[in-house]
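Please read the structure below before turning to the comments.
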Amino acid sequence: MALTLGRHKHEGAAPGVTFNRALEHELTSVAAKSFTGVIEATDHATGALARLYLFEGGLYSVHLMGYAPPIVSRLASSGALDDHRRARVLMAVDSDPGDPRVGALIVHQDWISVEALATLHQEYLLASLGGVLSRPKLKIRRVAGRTTSAFCTLPLPVATLFDVVRMRAQRLTSTWATVSTDLPPSACGLAPTGVAVPESMGVPEASAMAAAAREDASVDEIALGMGLTRAEAVHVAALLARADVVRPVPLPRPVDDDRLLVPEAFGVVRVVAPTAAVVPEPEPEPEPEAEPEPEPEAEAEPEPEPEPEPEPEPEPEPEPEPEPEPEPEPEPEPEPEPEPEPEPEPEPVPLVVAPPPAPDQHVRQLRAEVARAEVAELQEALAAAVQSELDVIARTAAVRERLRSAQSSLSELERPPAVDPERGDVIDPE
Numbered sequence: 197m198a199l200t201l202g203r204h205k206h207e208g209a210a211p212g213v214t215f216n217r218a219l220e221h222e223l224t225s226v227a228a229k230s231f232t233g234v235i236e237a238t239d240h241a242t243g244a245l246a247r248l249y250l251f252e253g254g255l256y257s258v259h260l261m262g263y264a265p266p267i268v269s270r271l272a273s274s275g276a277l278d279d280h281r282r283a284r285v286l287m288a289v290d291s292d293p294g295d296p297r298v299g300a301l302i303v304h305q306d307w308i309s310v311e312a313l314a315t316l317h318q319e320y321l322l323a324s325l326g327g328v329l330s331r332p333k334l335k336i337r338r339v340a341g342r343t344t345s346a347f348c349t350l351p352l353p354v355a356t357l358f359d360v361v362r363m364r365a366q367r368l369t370s371t372w373a374t375v376s377t378d379l380p381p382s383a384c385g386l387a388p389t390g391v392a393v394p395e396s397m398g399v400p401e402a403s404a405m406a407a408a409a410r411e412d413a414s415v416d417e418i419a420l421g422m423g424l425t426r427a428e429a430v431h432v433a434a435l436l437a438r439a440d441v442v443r444p445v446p447l448p449r450p451v452d453d454d455r456l457l458v459p460e461a462f463g464v465v466r467v468v469a470p471t472a473a474v475v476p477e478p479e480p481e482p483e484p485e486a487e488p489e490p491e492p493e494a495e496a497e498p499e500p501e502p503e504p505e506p507e508p509e510p511e512p513e514p515e516p517e518p519e520p521e522p523e524p525e526p527e528p529e530p531e532p533e534p535e536p537e538p539e540p541e542p543e544p545v546p547l548v549v550a551p552p553p554a555p556d557q558h559v560r561q562l563r564a565e566v567a568r569a570e571v572a573e574l575q576e577a578l579a580a581a582v583q584s585e586l587d588v589i590a591r592t593a594a595v596r597e598r599l600r601s602a603q604s605s606l607s608e609l610e611r612p613p614a615v616d617p618e619r620g621d622v623i624d625p626e
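Per my numbering, residue 197 is the first one in the sequence shown, and the count goes up by one each step.
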């Protein structure tokens, strides 16, 4: 799997891999300080916002404005969810395949393991990180202490992630070149050829993509419908194109540039956050016509003031009653000793971002992905070398056969003609 990272105008077309230096420096700096919080990166050209969450210096989640990982579609494409289970999950989350609760619901039903869910989250994290790092100009803001529980992995070291993202970018560029050299994935459709998917391919997503392939749907649109990143979609599309199941065709319509279909296209399209829907302004109501002012009423004549009543005579003051003797004051009770204030309990850390018990395991997983990609490249190189050797051997055999035929013809021509000893005539070899 791979993804495109590069500072270019047309995504998926440039072979170079260039990171945003400011963001790379920021992530490296906060990782060295064991930072816990979020790094907000806003694209200068489109205003797209990305939030990169870290715990003690390790990156564990990346959220992109306008994109939610479609976990349900991804699991359906791989065969992990059948139609019945998919319908049950969507009913539980109000038909929103990008609801953050989807993963927990599926794991609770034992339909997939926690490790499998973490692998999916890691794929989205790598694709999203690559998309953000590919943008040339970003406004960066650091917010300490903020966490999230949506689409998380265990915290991963940023230095290792940088290496993996670079490898994925190079891998995607070379893989897509085997499908099309003229069109990017965002403007390329896949036309079915009628050839069936080979049983030996062994990739469940291949059958799903072959069924979803259309001339009027781009590779990115197919990826969104299947829940794939662009890296995964390009990998599957290359397998199908190599087997002649599909062929690349240009889209018969303009490219959809107002939706974020895949994480790798972050900052290339201008999207609106779901919580900031545009509400049309109401039309101004016509002002009512001014009514004529009523004529002023005649002022009422003042009523005569009533004559003052005579003041009542003061009543005689009652004689004061004798005051009762004061009761003896009770002895003061001893004040209770103040109880010691309970020590405040430490705030619990969210479970999903707890420090990993064995971080080396995830580092090994990332390094294993790098090693697998290197093995795949060497296998392709070996296959190409073997094919070249076979071609040379075939050409050598053909040249050798032609040489043998030419030598035989030359021998026939150089052989002296046979003469009849009795008549002295040359004998015709025929």
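In this text, a Cβ means the ideal position worked out from N, Cα and C, and glycines have one as well. Keep in mind the model is a prediction, meaning the values are calculated, not measured.
For the options A383, R438, G233, V441, the alpha carbon positioned closest to that of V415 is the one of A383. Bounds of the alpha helix (DSSP H) holding L325 are 310–329. Taking a contact to require three or more Cβ pairs closer than 8 Å, the stretch 247–258 and the stretch 339–351 qualify as touching. Cβ-Cβ distances below 7 Å link A402 to V393, V432, L435, L436 in the same chain, with the five nearest sequence neighbours on each side left out; the list follows chain order.
Per the C-alpha coordinates, the member of P446, K333, D412 positioned closest to F215 is K333.
In this structure, M397 sits near A439, with a CB-CB distance shorter than 8 Å.
Counted as a single uninterrupted DSSP element, the beta strand (DSSP E) harbouring V445 occupies residues 442–446.
For R410, no beta strand (DSSP E) encloses it, and the DSSP letter there is neither H nor E. DSSP places T238 within a strand segment (E or B) once states are collapsed to three. Here the C-alpha atom of H240 lies approximately 36 Å from the C-alpha atom of E573. Secondary structure at L609: helix, using DSSP grouped into helix, strand and coil. Straight-line spacing of the CA atoms in L606 and E585 works out to 31 Å. In the three-state DSSP reduction, S370 falls in the helix class (H, G or I). Setting aside the 5 residues that flank it on each side, G233 is surrounded in the same chain by V339, A340, G341, R342, each with a C-beta closer than 6 Å to its C-beta; the list follows chain order. Considering only P450, I302, R331, G294, the residue with the shortest C-alpha distance to L424 is G294.
Here R337 has E236 as same chain residues with Cβ atoms under 6 Å from its own Cβ, once five neighbours each way along the sequence are excluded. Leaving aside the five residues that flank E220 on each side, the residues in its chain whose CB is nearer than 8 Å to its CB run, in chain order, L329, F358. With 16 or more other Cβ atoms inside 10 Å of its own Cβ, G326 counts as buried.
In the DSSP annotation of this structure, the continuous segment of the alpha helix (DSSP H) that includes R438 starts and ends at 426–438. Between the stretch 449–468 and the stretch 253–270 there are three or more C-beta pairs closer than 8 Å, enough to call the two in contact. Counting every other CB atom within 10 Å of its CB across the protein chains shown gives G299 a total of 16 or more, marking it as buried.
Within the same chain, Cβ atoms closer than 8 Å to the Cβ of S309 are found at V303, the five residues on either side in sequence being excluded. The beta carbons of V465 and L456 sit closer together than 8 Å. For A228, the enclosing alpha helix (DSSP H) starts and ends at 217–228. Closest option to R362, judged by alpha-carbon separation, among R284, S324, L350, L447: S324. The closest CA to that of R410, considering only G390, Y256, E395, P400, is found on G390. About 6 Å separates the Cβ atoms of L368 and V430, confirming a contact at the 8 Å cut-off. Relative to G243, the option among K335, P444, E395, V213 whose CA is nearest is K335. Comparing C-alpha distances from P450 to each of L609, S225, D278, A413 shows the shortest one belongs to A413. In this structure, the alpha-carbon of D306 lies about 42 Å from that of P446. Scanning its chain for C-beta atoms nearer than 8 Å, with the 5 sequence neighbours on each side dropped, one finds around A346 the residues S257, H259, P296, in chain order.
With respect to the C-alpha of E417, the residue from P613, S269, G254, A581 having the closest C-alpha is S269.
Counting along the chain, L301 sits inside the alpha helix (DSSP H) bounded by residues 298–304. In the structure shown, V571 falls within a helical segment according to DSSP collapsed to helix, strand and coil. Taking all protein chains in view, the Cβ of H280 is surrounded by fewer than 16 other Cβ atoms within 10 Å, so the residue is classified as exposed.
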